[in-house]
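Take the position in the sequence shown, starting the count at 1, then add 1390; the result is the number in our numbering. From the three backbone atoms N, C-alpha and C, an ideal C-beta is built for every residue, glycine too. Predicted model only: the values in this text are computed from it and were never measured.
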Amino acid sequence: MFYNAKDKCEPIEIFGDTTVFVNGKVVFPGTVGNAMAVIEDLEEETGSYISKSQSIGIYALSEKMEGILFGNSGYYE
1391 MFYNAKDKCE PIEIFGDTTV FVNGKVVFPG TVGNAMAVIE DLEEETGSYI
1441 SKSQSIGIYA LSEKMEGILF GNSGYYE
């Protein structure tokens, strides 16, 4: 977890063997392709994929996802 200057949690980043569901489907752990099928507006940005509408970030240097981040609304704007 990361906190801002007002001690409010901003993003939560998840790594390892934790199972993460988005829209009722498992997206992590998994592949970028699987995540893109569930999170339709993911855009690639140098080793990561970002959904601005859902404030979700995925870290992946290859097809396998290394981590997933959930930010507050508007986190990537």
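G1420 is classed as buried because its beta carbon has at least 16 other beta carbons within 10 Å across all chains shown. Contact between Q1444 and I1429 holds: their C-beta atoms lie close to 6 Å from each other, under 8 Å. Residue state for G1437 is assigned as coil, using DSSP reduced to three classes. Secondary structure at G1423: helix, using DSSP grouped into helix, strand and coil.
Spatial neighbours of E1453 in its own chain (CB-CB distance under 7 Å, excluding positions within 5 residues in sequence) are listed in chain order as T1421, V1422 and G1423.
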